[in-house]
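Take 1 as the starting number for the sequence shown in UniProt numbering and just add one per residue. Below is one structure, written out as C-alpha cells; the observations come after it.
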Amino acid sequence: MDAALNVLGGRLETCSTAPLTGFFRDGCCNTGPEDSGRHTVCVVVTAEFLALSKYLGNDLSTPRPEFRFPGLKPGDRWCLCAARFLQAAQEFAAPQVVLEATHARTLEIVPLALLRAHAVGRED
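Set out below in C-alpha cells:
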C-alpha cells in the first residue's frame, strides 16, 4: 500500500496518539471507502470549536468510556470531518489545522487556501 499524502503533497504525518485519533484509530487522518464522514483534517481543538460542535449535536468534550473516548479538551489534536471543518470555518469557529497531518483527500471538500488560513504556526 502506498503511503498516504498530506495536503502539501508530502507523506501524511501522525495527528495524535494521545488521545488516539483517526477513523481507523491509528493516530493518522487516513481515510477509505468506509469513512463516509471523511475524518481527514488534523486539528488542534479550541474551547470555541468544542462548544460549536456540541451545539451542532456532536459532543466531543464529554468522555465516552464505552467507546474508549476520553473526551477532548482545548489543545488536543483530533482528526475532524472535512465538512465539519468547513462548517466551523463558515461559523468563524474553525480550530487550527496541522497541514502535514491533514490527508490530501480533504482538498476535495476544503480549499487549501482555507486550510492554510487556519494552519498551526501560520504567519498572521
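Positions of the beta carbon are idealized from the N, C-alpha and C atoms, including for glycine. A quick note: this is a predicted structure, and the numbers were derived from the prediction, not measured.
Asked, Found
"Exposure of Met1, with buried meaning 16 or more beta-carbon neighbours within 10 Å", "Interpretation of Met1 is limited by its pLDDT of 42, a score under 50 that renders its predicted location unreliable; the figure taken from the coordinates is listed afterwards. Result: exposed."
"Inter-stretch contact (C-beta, 8 angstroms, three-pair minimum) for the segment 107-120 and the segment 12-22", "no"
"Three or more C-beta pairs below 8 angstroms linking the segment 35-44 and the segment 96-111", "yes"
"Ala47, DSSP secondary structure in three states", "helix"
"Top-ranked residue by Cα proximity to Ser53, from Glu34, Cys28 and Phe85", "Phe85"
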